[in-house]
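Quick note on the working numbering: the sequence shown kicks off at 5 and runs consecutively.
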Amino acid sequence: MHWLDRLSLRVLRRASIFQDGWGDVLPFEARGREAHTVRPASSLSFTWLPPRRERGLTIQDGTAPSPVGDLPSNIATMHVRRVLTPRPAKRRVVVPPSWGEGGYGPRMWLVGALVAQGLEPWLLEGAYFGARAAPLTRVEDFLRMGLAHIDEARSLLQTHADEGTPTGLAGYSMAGQLGSIAAATMPFEVPVVAMAAPPSADVVFVEGPLSAQLRWERLGGDARVKVPDVMRRVSLLDAPPPRSPRRAVVINSGDGIVNPEATARIAAHWGVEPVKLATGHLGAYALERRALQQVIAQTLAH
């Protein structure tokens, strides 16, 4: 395990997940099945603030009503940041958030430089985090969060398609899982890059080291069976491979958060040879940024 992963796990062990138990998960069974089906999405209408300069980049923040109807009212507004290219963009790139990622800072650091390749990143502030923070204490909340991330990414992709703008998607970790489901279920081609992604959440929260964060005692005696079963209902392996031949999978060989063998199952499902980095989960994000940028640019910009 990479040293950065080991360090992060020491911090994460202080967190507590599902301390309020299950909630009502039954309504999400049908939605979980629907999440894997190819279907159109609703388009979005944005309200934009004026563009401004930040750290040498031109950014613009906007909001739109979420297409997800059952979100709490205080998080039912989508927040998006786009990083504008100096010349007309070759392609927009939807960049969803990873687990616990509030704000745009880490993703700006990762994808901001892509504007030099003619790519225009669109960063989504995910439901339950950052400016859209809300209690995420039950399995019900976890399922609503994940399905909302899929539906909101799909609506972003649909909006770009309706405008006639070529668009791809790039996601790291949870964003690679949920974002890739969004891309694969659109009725048109969406180039996609999945980096250090698990096929489903149980790889991280049940089989992986983050299982120590779960309050198993609040979930009942059969939780070790029921929790992975529920999490596997939203699996990238149950969605069809992306329609676009422009698809790539990145595996970190020393990943201590997402099992590299699990990410390899995505590459096999997609029929691609994965790009392998000799680093860990946080190591790739922190130390191999240029390698990740190169994979995104080669897949989406050329």
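Even for Gly, the Cβ is constructed at its ideal location relative to N, Cα and C.
Indicate the three-state DSSP secondary structure (helix, strand or coil) for residue i in the structure shown.
i    : result
M82  : strand
T141 : coil
W103 : coil
E124 : strand
E167 : coil
L61  : strand
E292 : coil
L88  : strand
D9   : With a pLDDT of 48 at D9, under the threshold of 50, the modelled position of that residue is not reliable, and the figure given next carries that caveat. The answer is helix: DSSP assigns D9 an H, G or I state.
R43  : coil
V15  : Any answer about V15 is weak, because its pLDDT of 49 lies below 50 and its placement is not dependable; what the coordinates show is given next. Three-state result, V15: helix.
L286 : helix
I300 : helix
H306 : coil
Thinking C-alpha only, which one of the options is nearest residue i?
i    : options                   : result
G258 : E292, R37, R250 and V143  : E292
V29  : P246, F146 and A243       : F146
M2   : Q64, P31 and A266         : Past the boundaries of the shown model lies residue 2; the chain is included only from 5 to 306, so the question cannot be answered.
L173 : D166, L182 and E167       : L182
S239 : E38, S20 and F22          : E38
A201 : T303, A271 and G73        : A271
L53  : R85, G27 and W26          : R85
A135 : G106, R57 and T171        : G106
G73  : R59, L123 and A152        : A152
H285 : P264, R237, Q297 and L88  : P264
L241 : R219, H83 and G36         : G36
P125 : A131, R222, P232 and M112 : M112
A131 : T41, V115, R95 and M82    : M82
V207 : L223, R228, P170 and E221 : R228
G104 : R247, K230 and L214       : L214
R57  : T89, P69 and K230         : T89
T67  : T51, L218 and H306        : T51
S20  : Y108, S47, V99 and W220   : W220
Y108 : L123, V87 and A93         : V87
P203 : D226, R236 and G175       : R236
Per DSSP, residue i forms a beta bridge with which residues?
i    : result
K280 : I255
T51  : T67
Y108 : None; Y108 has no bridge partner.
V196 : L173 and R251
V207 : Bridge partners of V207: none, in fact.
L218 : I21
V97  : P125 and G172
R56  : I63
Of all Cβ atoms in chain C, is any one closer than 8 Å to the Cβ of residue i?
i    : result
G130 : Structure shown: chain C not included; a single protein chain is present.
Assuming residue i contacts residue j under a Cβ cut-off of 8 Å, what Cβ separation, rounded to an integer in Å, is found between them?
i    : j    : result
V97  : L118 : 7 Å
G150 : A216 : About 21 Å separates the two Cβ atoms, so there is no contact after all.
A290 : L281 : 12 Å between Cβ atoms; not a contact.
E22  : R142 : As written in the sequence, residue 22 is Phe, which differs from the Glu given in the question. Correct: roughly 6 Å between the Cβ atoms.
A268 : I255 : 6 Å
V253 : V276 : 6 Å
R43  : T189 : 7 Å
A138 : I79  : 5 Å
V196 : R251 : 5 Å
S159 : A45  : 5 Å
S49  : S102 : The Cβ separation is near 27 Å, so there is no contact.
D155 : P249 : At roughly 25 Å, the Cβ-Cβ gap does not stay under 8 Å, so D155 and P249 are not in contact.
Q121 : A301 : 4 Å
F4   : A165 : Shown here, the chain extends from 5 to 306; a query on residue 4 therefore has no answer.
P245 : H273 : 6 Å
R95  : P170 : 4 Å
L223 : G25  : 6 Å
Please indicate yes or no: does the CB of residue i lie closer than 7 Å to some heavy atom of the ligand PLP?
i    : result
E265 : This structure simply doesn't include the ligand PLP, nor any ligand for that matter.
Sequence ranges, beta strand (DSSP E) only - wholly within the stretch 226-258, length at least 3: 251-256
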